[in-house]
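> In the working numbering, the protein residues as written are 42 to 369. Okay, handing you the structure first.
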Amino acid sequence: MNKNKIEFFITVIMAIVDNIKNISYLKKFKKKILGKHSYLSNKMKQLKFLELNKKIFFGKILNKSFKKIKIHFLNREKKLKINFVKNYDINRNFDYTLPGKKLLFGSLHPITKSIYKIEDFFSKIGFSIINGYEIEDEYHNFSCLNIPKDHPSRNKKDTFWLSDNILLRTQTSNMQVHIMKNKKFPIKIISSGKVYRNDNDIKHTPMFHQIEGLIVSKNISFANLKWIICKFLNFFFKKKISIRFRNSYFPFTVLSAEVDIKEQNGKWLEILGCGIVHPNVLDNMNIDYKKYSGCAFGIGIERLTMLYYETLDLRNFFENNLNFLKQF
Ligand code: DAH
Numbered sequence: 042m043n044k045n046k047i048e049f050f051i052t053v054i055m056a057i058v059d060n061i062k063n064i065s066y067l068k069k070f071k072k073k074i075l076g077k078h079s080y081l082s083n084k085m086k087q088l089k090f091l092e093l094n095k096k097i098f099f100g101k102i103l104n105k106s107f108k109k110i111k112i113h114f115l116n117r118e119k120k121l122k123i124n125f126v127k128n129y130d131i132n133r134n135f136d137y138t139l140p141g142k143k144l145l146f147g148s149l150h151p152i153t154k155s156i157y158k159i160e161d162f163f164s165k166i167g168f169s170i171i172n173g174y175e176i177e178d179e180y181h182n183f184s185c186l187n188i189p190k191d192h193p194s195r196n197k198k199d200t201f202w203l204s205d206n207i208l209l210r211t212q213t214s215n216m217q218v219h220i221m222k223n224k225k226f227p228i229k230i231i232s233s234g235k236v237y238r239n240d241n242d243i244k245h246t247p248m249f250h251q252i253e254g255l256i257v258s259k260n261i262s263f264a265n266l267k268w269i270i271c272k273f274l275n276f277f278f279k280k281k282i283s284i285r286f287r288n289s290y291f292p293f294t295v296l297s298a299e300v301d302i303k304e305q306n307g308k309w310l311e312i313l314g315c316g317i318v319h320p321n322v323l324d325n326m327n328i329d330y331k332k333y334s335g336c337a338f339g340i341g342i343e344r345l346t347m348l349y350y351e352t353l354d355l356r357n358f359f360e361n362n363l364n365f366l367k368q369f
């Protein structure tokens, strides 16, 4: 074994490595030079035939040589990788001076926030939350709810009809019918979702959100309804507010009321409808109205949200304008 020969070998290999320009070729070459049957490995194998002090002397030289070459290969690989990235960007005309893209954080839509807040309140006082159907038939949306054939809300122009009998629901009250069908008493549910009416101006959009509440059990009275509504409104607005129950009419309730709250400017503003479930509705569902009674309410979520955040144009909620939505 000859020290000079080994050192010469290493010098040559390092010079070759410095001139390799292709990473995959470099890797193949590395295997050849450092692999089992390479020049250096063969020299290692020969060590055992040497005398002890030569064994120690050449052993050290060979170990050092392995290390040196390994490091040299690694450095070359790094360099080639960096060059590759640099050239890649140059070829693609990458401009490092361009400003980066800003990552925007998303947030919940204000309407979704209101729905969660409402659901939070009602689930805490024992209501179940149920999903709703947006595509509905005439029976669930109108007939079963005691809405007569000639009622203005059935007007062909005001409702989005999908066929003679199928429509986009105009109110979440359709869910009352679905739930009463199950007849699992006591019924105590809320159901929120989208409703559709053919209206479009500063106060109306063709799609908006409602939340429906229904209780059917024994001895349900208007007092129960009033307590729930007042508690809810104070919770929602996080303060004591002036609430007014005003006599009204809905086909599916008898003792019907609309609820107004007093705005800061002293004006009363209607925010929901409610009442005692009409015996005809219970009868339509084969529920004995002498035994069971119920109360119901329907809340316009946009109206409530607008009041809470003091926004003026309902359409803002649906235009996906980030400058508006970022505020919530
Ligand atoms: N469905 C009614 C509407 O869209 C709102 C409503 C009023 C719902 C009274 C009710 C209720 O459950 O009892 O205008």
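By construction, the Cβ of each residue, glycine as well, lies at the ideal position given by its N, Cα and C atoms.
Please state if the CB of His-219 and the CB of Ser-233 are separated by a distance shorter than 8 Å.
Cβ distance not < 8 Å, so Ser-233 and His-219 don't count as in contact.
> If you measure between the beta carbons of Val-318 and Cys-185, is that distance less than 8 Å?
No.
> For Leu-274, does the three-state DSSP call read helix, strand or coil?
Looking at Leu-274 - three-state DSSP - the assignment turns out to be helix.
> For Val-300 versus Ile-342, is the C-beta distance shorter than 8 Å?
No. Outside cutoff.
> In whole angstroms, give me the CA-to-CA distance for Phe-183 and Ser-258.
Phe-183 and Ser-258: Cα-Cα distance of roughly 23 Å.
> Tell me the residue span of the alpha helix (DSSP H) that contains Phe-163.
Taken as a continuous stretch (DSSP letters only), the alpha helix (DSSP H) holding Phe-163 covers 151–165.
> Run through DSSP, which three-state label would Glu-118 get?
Three-state DSSP puts Glu-118 in a helix.
> Could you pull out every residue in the same chain whose Cβ sits closer than 7 Å to the Cβ of Phe-291, ignoring the five residues on either side in sequence?
Cβ neighbours of Phe-291 beyond the five flanking positions: Ser-297, Gly-314 and Gly-316.
> Out of Lys-73, Ile-188 and Ile-228, state which residue places its alpha-carbon closest to the alpha-carbon of Leu-335.
The amino acid occupying residue 335 in the given sequence is Gly; Leu does not appear at that position. The option with the nearest alpha carbon to Gly-335 is Ile-228.
> Going residue by residue through the segment 253–334, where are the continuous beta strand (DSSP E) segments of at least 3 residues, counting only ones entirely within it?
Segments of the beta strand (DSSP E) lying fully in the segment 253–334: 284–291, 294–303 and 309–318.
> Look at Glu-175 and Arg-210 and say whether their C-beta atoms are less than 8 Å apart.
Result yes, Cβ atoms of Glu-175 and Arg-210 sit closer than 8 Å.
> Is the closest heavy atom of ligand 1 to the C-beta of Phe-338 under 7 Å?
Checking the Cβ of Phe-338 against ligand 1 gives yes.
> May I ask you to list the residues that DSSP assigns as paired with Phe-249?
Looking at the DSSP assignment, Phe-249 forms a beta bridge with Val-236.
> For Phe-359, name the three-state secondary structure that DSSP assigns.
In this structure, Phe-359 counts as helix in the three-state DSSP scheme.
> How is Ile-230 classed by DSSP in three states: helix, strand or coil?
Reduced to three states, the DSSP call for Ile-230 is strand.
> If contacts are defined as beta-carbon pairs under 8 Å, then Gly-254 and Phe-359 qualify, I think. What distance do you get, rounded to the angstrom?
The pair is not a contact, with the Cβ atoms about 24 Å apart (cut-off 8 Å).
> Which class does Ser-79 belong to by DSSP, given the choice of helix, strand or coil?
Coil at Ser-79, not helix or strand.
> Applying the criterion that 16 or more other CB atoms from any shown protein chain within 10 Å of the CB defines a buried residue, is Lys-197 buried or exposed?
That one is exposed.
> With DSSP as the reference, label Leu-186 as helix, strand or coil.
The answer is helix: DSSP assigns Leu-186 an H, G or I state.
> When you compare the CB of Ser-155 with every CB in chain C, is at least one pair closer than 8 Å?
The structure shown contains no chain C; it holds only a single protein chain.
> Could you compute how far the alpha carbon of Lys-142 sits from the alpha carbon of Leu-103?
Whole-angstrom Cα-Cα distance: 52 Å.
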